[in-house]
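**Student:** The working numbering runs 384 ahead of the 1-based position in the sequence shown.
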Amino acid sequence: MTMGQQVARVRDASARARELAELDNRTLVHPHSVIGAPAEPLVLDRGEGALVWDVEGREYIDGTCGLWQCPVGHGRRELADAAAEQIARLEFYSSFGDYSNEPSIRLAQRLVELAPPGIRRVFFTNGGSEGNETAIKLARLAQHHAGRPERMVVLARSGGYHGMGGGSLAATGIDRLRAGYGPLVPGIEFLGRPHVPRGDAGAADRLIEELEERIERIGPDRVAAFIGEPVLGVGGMVPPPEGYWPRVQEVLRRHGVLLIVDEIVTAFGRTGHWFASERYGIEPDIIVTAKGLSSGYVPMGAVLLGDRVLDLADGAQFLHGFTYNGHPVGAAVALANLEILRREGLLERAERLGGRLLDALRPLERLDHVLEVRGVGMMLGVEFTGGDTSAVQAGARAQGVIVRASGTSIVLSPPLVITEEQVDTLARVLTEQVESAR
């Protein structure tokens with residue numbers, strides 16, 4: 385290519401970027417944006433592995449998977465082929481009533497095989513918010529059907545994120561996300577944020593005492609379920625204290641309270657396991673998944689149902705569902721995605737490279753404005769002592785690395801296919817930006 389051709393290509397790319405940015409600002413309302421004050425968009429054009437490129441050809445290391453959703457990385461031809469083949473065969477048909485399709489049946493079987501002990505059935509959704517809506521409704525219905533109609537209260541946790549629907553937002557314990565929406569679904573009680581500074585040996589005891597006291601105060605016969613993420617995601621990538629989850633589970637079982645485990649972020653390799661429940665010794669009554677189920681190639685979620693909730697709800701009519709439940713294309717892509725995760729050993733890779741990234745970032749804790757660096761598998765967070773972390777996000781992006789500002793934390797969740805060299809570059813750029821944010 386001649387110099388003149390290169391200049392012309394750059395000029396064309398810049399013109400295209402300007403056109404798209406103008407159209408975006410004129411026609412779109414983005415999630416989490418300011419209405420009437422649109423920001424200049426970063427218009428992405430293509431992706432491969434852990435890299436994405438914008439419409440002007442600039443390359444970025446994807447340190448967030450968009451929103452945690454692409455463990456197998458971008459540009460996987462196998463998933464495009466799986467979608468195309470299924471679209472050509474049967475693009476969609478309703479799963480309401482007695483209608484079904486083979487991909488969704490095969491996917492349900494595979495998920496039951498991979499899930500923790502006690503999981504027997506699957507209800508499909510389009511994503512995480514729908515999954516948590518489903519879980520909360522089903523937990524309440526199961527208790528009602530079992531002759532306990534007064535059991536309607538759902539326990540959630542400050543700092544937890546469960547979605548933006550009516551029930552899922554009501555259970556989200558992040559005040560800035562709830563502000564301005566008026567009365568939400570009632571019957572949600574919040575417990576404290578399960579964040580424990582390292583070395584605080586009594587933290588788990590205090591959290592369990594709080595749980596016991598709250599159930600006692602509400603009345604054990606009024607509590608339907610407890611919902612929680614194994615590791616807080618949007619709330620700052622916060623791992624639980626040692627021994628926390630088995631103790632929570634014991635308290636809930638003793639009081640007849642169902643356990644909903646929100647694995648929308650943590651499932652399918654993110655923590656080095658198919659489900660983070662395995663890592664923490666949890667046997668959930670309900671598991672909510674999405675994101676990594678299809679690596680985001682097609683919107684797809686699944687709610688996995690265990691023995692206790694199924695026994696309580698046995699015989700109840702579940703008048704609930706979404707148009708695209710059990711979408712055959714989504715199920716076909718999810719099956720292919722799960723096979724890639726298994727075949728390429730990506731669960732083990734998450735553990736190994738997540739540890740490498742955590743080790744590279746840990747020295748940031750020497751800085752006065754950094755409270756903590758923490759991580760589990762390929763979920764990592766750098767929490768500041770306060771202030772706005774958006775400048776760190778913007779600075780990293782200017783250097784070709786995408787990270788996410790979430791409150792006072794920078795959170796990381798790269799594709800599990802990220803290379804060692806890309807991990808090291810991500811760590812170097814983020815370190816430079818955090819150091820400069822003094």
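We put the CB at the ideal spot given by N, CA and C, even for glycine.
Note that the coordinates shown come from a computational prediction; the quantities given were computed from them, not determined experimentally.
1) Considering only residues of the same chain and omitting the five flanking positions on each side of Y483, which have a CB-CB separation below 8 angstroms?
2) Helix, strand or coil: which one does DSSP assign to V776?
3) In chain order, what are the residue ranges of uninterrupted alpha helix (DSSP H) at least 4 long that sit wholly in the region 708-782?
4) Strictly by DSSP, which residues pair up with V538?
5) Buried or exposed for L407, going by 16 or more other Cβ atoms inside 10 Å?
6) Flag this pair as touching only if the region 731-749 and the region 593-607 have three or more C-beta atom pairs under 8 angstroms; answer yes or no.
7) Do the region 505-524 and the region 640-647 meet, that is, are 3 or more Cβ pairs less than 8 angstroms apart?
8) Between which two residues does the alpha helix (DSSP H) containing R631 stretch?
9) Given a cut-off of 8 angstroms on the beta-carbon distance, is the pair A716 and A467 in contact?
10) Going by DSSP, what residues sit across from Y444 in a beta bridge?
11) Does DSSP classify H416 as helix, strand or coil?
12) Would you check if there are 3 or more beta carbon pairs closer than 8 angstroms linking the region 702-713 to the region 759-769?
13) Label L412 either buried or exposed according to how many other C-beta atoms from any shown protein chain fall within 10 Å of its C-beta, with 16 as the threshold for buried.
14) Less than 8 angstroms separating the beta-carbons of M548 and G571?
15) With burial defined as no fewer than 16 other Cβ atoms inside 10 Å of the residue's Cβ, what is the status of H753: buried or exposed?
16) Given 7 angstroms as the limit, tell me if R442 has its C-beta closer than that to any heavy atom belonging to the ligand FMN.
17) Taking the C-alpha atoms as reference points, what is the distance between G714 and I602?
18) Look at the Cβ atom of S793, then the Cβ atom of E767, and state whether they are nearer than 8 angstroms.
19) In the DSSP output, which residue or residues are listed as bridge partners for T509?
20) DSSP three-state call for L825: helix, strand or coil?
21) For T673, which three-state DSSP category applies?
22) Within the same chain, show all residues whose beta-carbon is closer than 8 angstroms to that of G543, passing over the 5 residues directly before and after it, in chain order.
23) So for D482, helix, strand or coil by DSSP?
24) Answer yes if the region 494-512 comes into contact with the region 623-636, meaning at least three C-beta pairs across the two stretches below 8 angstroms, and no otherwise.
25) For S793, which beta-bridge partners are listed by DSSP?
26) Quick check: L474 and A718, are their CB atoms within less than 8 angstroms of each other?
27) Count the CB pairs spanning the region 423-443 and the region 663-672 that are closer than 8 angstroms, and state whether there are at least three.
28) Rounded to whole angstroms, what is the Cα-Cα separation between H528 and L694?
29) In the DSSP assignment, the beta strand (DSSP E) including I644 goes from what residue to what residue?
30) How close, in whole Å, do the beta carbons of F652 and N510 come, if the pair is a contact with beta carbons under 8 angstroms?
31) Since I believe G447 is in contact with L796 (beta carbons under 8 angstroms), could you give me their beta-carbon distance rounded to a whole number of angstroms?
32) What do you get for A720, buried or exposed, if any count of 16 or more other CB atoms within 10 angstroms of its CB means buried?
33) Indicate the three-state DSSP secondary structure (helix, strand or coil) for R460 in the structure shown.
34) If you draw a straight line from the C-alpha of I419 to the C-alpha of S774, how long is it?
35) Helix or strand or just coil, what does DSSP make of I802?
36) Report the rounded CA-to-CA distance for V641 versus A472, giving the unit in angstroms.
**Tutor:** According to the data block:
1) Y477
2) helix
3) 712-727, 730-745 and 774-782
4) I572 and A609
5) exposed
6) no
7) yes
8) Y628 to H639
9) yes
10) V436
11) coil
12) no
13) exposed
14) no
15) exposed
16) This structure simply doesn't include the ligand FMN, nor any ligand for that matter.
17) 41 angstroms
18) yes
19) G685
20) In the structure as shown, the chain starts at 385 and stops at 822, and residue 825 therefore has no counterpart that could be examined.
21) strand
22) G557, I558, R577, P578, H579, L616, G619, G620 and V622
23) coil
24) no
25) E767 and S790
26) no
27) no
28) 13 angstroms
29) L642 to D646
30) That pair is no contact at about 17 angstroms.
31) 5 angstroms
32) buried
33) coil
34) 19 angstroms
35) coil
36) 45 angstroms
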